[in-house]
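Q:
Protein chains: 2
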Amino acid sequence: MKRKACAEVGIKSFDVDLPEQVSEADLVEKVHELNANPDVHGILVQLPLPKHINEENVLSEISIEKDVDGFHPLNIGKLAMKGREPLFQPCTPKGCLELLHRSGISIKGKRAVVVGRSNIVGLPVSLLLMKADATVTIVHSHTHNPESIIREADIVIAAAGQAMMIKGDWIKPGAAVIDVGTNAVDDPTKKSGYRLVGDVDFQEACKVAGWVTPVPGGVGPMTVAMLLKNTLDGAKRKIEQ
Amino acid sequence: MKRKACAEVGIKSFDVDLPEQVSEADLVEKVHELNANPDVHGILVQLPLPKHINEENVLSEISIEKDVDGFHPLNIGKLAMKGREPLFQPCTPKGCLELLHRSGISIKGKRAVVVGRSNIVGLPVSLLLMKADATVTIVHSHTHNPESIIREADIVIAAAGQAMMIKGDWIKPGAAVIDVGTNAVDDPTKKSGYRLVGDVDFQEACKVAGWVTPVPGGVGPMTVAMLLKNTLDGAKRKIEQ
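In order, the protein sequence lines correspond to chains B and A. Residues 735 to 975 (this note's numbering) make up the first sequence, in order. Residues 735 to 975 (this note's numbering) make up the second sequence, in order.
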């Protein structure tokens, strides 16, 4: 999907396919090559990596100027800190905020609840919402009575990876609900034997929420769009230097 | 206070006093000298800096191995991220968690409310509490009805810098209240004309809270202790290399 989107907008993309047994040193060397290649403005390391490779070691080798995923800890640190700006915001969180902005939903002073605290979505989207002056609560697997907390939210970001865990009566009437979950559930009526659902019970949520994103087709395409935007921004920054 | 504490435990400390008109380049050069000095295991840049100096530029020059304040964005990023550990945790947040641990207060699954979102206290203490599996809400100047949110908290970290803003009836009975605020208020009965108070109305809080730290004498000494601990840890790490 990312490759196709690149082609559509005129960004050249290419894969570097490495065997599963590749050593960490060889993978890092490949990252260094891409760092040094002036024709490359964005580098993605496809996760998860094989078990024998330390993800942290590899990701931290990506040049901060080409870290279009925005996962480098230096980027996350700057995302978190007041008065600092990362070179790139992580794509899915950035897409969530873009969806809110484009839908005319104000964030400042609103109660926002983020369900899930992953490095890829939950954590960075919490930090972005806080920077946008929302009052943020992060709900996770150790939270007691998540429904009572979610029910107070004007903005819900569901990123727990739990199929349809958020029911209609967990949602405050009129709330904006962004569903980041993508979960496969058995469905014998489908040829594949499964279908994709979000973390939110979409049918129920539609009756209560002011806004709700579908799965698939909601946040997913926004993530890809933000990846392209980050890559373009990175290229512009390089050219302007 | 920091100098005295160092002397008490046998850590050598020294000041590098620079004139207020010092250039950013000269200050950064001084930081580089200390980075390169093998006898130095911890470097603090005393904030705030004069207006003509960019704080971010200076702080990011401190060697990550000697950043005993833990304010480097790379440290904050690793503090925020699941599965990552910073070399140093910021001293005041670390002290807050130490106070909770030493008082036998469990954090996992508890509702924690952090009042304030500064880079020095509010933000990093929120991240530490989240890593310790609390359900964390960050309250700040744009939060509506902060009292209703604080009233749900089992753990309150007050770091807003607003004298006695948190009243007794804002506190859940039995809650643990850590008061990080240090505010000077007029007091004609004092020779100095002022006294120091926290962000919490201590007299009222004592009647409701299960635990509450005084100001002064609560978090302040813990911050200094954690700074010494960070410095010792940094020195040990260096020696073990």
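We put the beta carbon where it would ideally sit given N, CA and C, even for glycine.
1) Out of 851(A), 846(A), 763(A), 955(A), state which residue places its alpha-carbon closest to the alpha-carbon of residue 905(A).
2) Residues bridged to residue 910(A) by DSSP?
3) Suppose only complete runs of 3+ residues qualify. What are the beta strand (DSSP E) ranges in the region 812 to 856 of chain A, listed by chain order?
4) With three or more C-beta pairs closer than 8 Å as the rule, is the region 819 to 828 of chain B touching the region 870 to 877 of chain B?
5) Three-state secondary structure (DSSP) at residue 872(B)?
6) Cβ of residue 944(B) less than 8 Å from any chain A Cβ?
7) Just checking my contact of residue 909(A) with residue 959(A) at CB under 8 Å: how many whole Å lie between their CB atoms?
8) Using a Cβ-Cβ cut-off of 6 Å (strictly less than) and excluding sequence neighbours within five positions of residue 896(A), which residues of its own chain qualify?
9) How about residue 921(B): is its C-beta nearer than 8 Å to some C-beta of chain A?
10) Taking Cβ to Cβ, would you say residue 949(A) is nearer than 8 Å to residue 930(A)?
11) Applying the criterion that 16 or more other CB atoms from any shown protein chain within 10 Å of the CB defines a buried residue, is residue 794(A) buried or exposed?
12) Going along chain A in order, which residues have a C-beta closer than 9 Å to the C-beta of residue 857(B)?
13) Tell me residue 920(B)'s beta-bridge partners as DSSP assigns them.
14) Could you give the DSSP three-state label for residue 900(B): helix, strand or coil?
15) Please classify residue 726(B) as buried or exposed, where buried requires at least 16 other C-beta atoms within 10 Å of its C-beta.
16) Would you call the region 810 to 824 of chain B in contact with the region 833 to 851 of chain B, where contact means no fewer than 3 C-beta pairs closer than 8 Å?
17) Show which residues of chain A have a CB atom less than 8 Å away from the CB atom of residue 840(B).
18) Does residue 792(B) come out as helix, strand or coil in the three-state DSSP assignment?
19) Excluding five sequence neighbours on each side, which residues of the same chain lie with their C-beta closer than 7 Å to the C-beta of residue 783(B)?
20) Which residue or residues does DSSP assign as beta-bridge partners of residue 934(B)?
21) Which of the three DSSP states is assigned to residue 782(A) in this structure?
22) Should residue 826(B) be flagged as near chain E, meaning a C-beta pair shorter than 8 Å?
A: With the given structure in hand:
1) With distances taken between Cα atoms, residue 905(A) lies closest to 846(A).
2) 889(A), 945(A), per the DSSP bridge assignment.
3) Whole beta strand (DSSP E) segments, 3+ residues: 845 to 849.
4) Not touching, per the Cβ criterion.
5) Residue 872(B) sits in a strand when the DSSP states are folded into three classes.
6) Residue 944(B) is outside the set of residues whose beta carbon lies under 8 Å from a beta carbon in chain A.
7) Contact between residue 909(A) and residue 959(A) does not hold, since the beta-carbon distance rounds to 24 Å and is not under 8 Å.
8) Hits under 6 Å: 933.
9) For residue 921(B), the closest Cβ of chain A is not nearer than 8 Å.
10) The answer is yes: Cβ separation under 8 Å.
11) Residue 794(A) should be labelled buried.
12) Result: 814, 815, 816, 861, 864.
13) Among the bridge pairs identified by DSSP, residue 920(B) is matched with 928(B).
14) When secondary structure is reduced to three states using DSSP, residue 900(B) falls in the strand class.
15) Any property of residue 726(B) remains undetermined from this structure, which presents chain B solely from 735 to 975.
16) With the cut-off at 8 Å, the region 810 to 824 of chain B and the region 833 to 851 of chain B do not touch.
17) When 8 Å is used as the limit between beta carbons, residue 840(B) is near no residue of chain A, the shortest such separation being about 11 Å.
18) Secondary structure at residue 792(B): helix, using DSSP grouped into helix, strand and coil.
19) For residue 783(B), same chain residues with a beta-carbon under 7 Å away, outside a window of 5 residues either side, are 789, 792 in chain order.
20) Looking at the DSSP assignment, residue 934(B) forms a beta bridge with 900(B).
21) Residue state, collapsed to three classes: coil.
22) In the structure shown, chain E does not exist; the protein chains are B and A.
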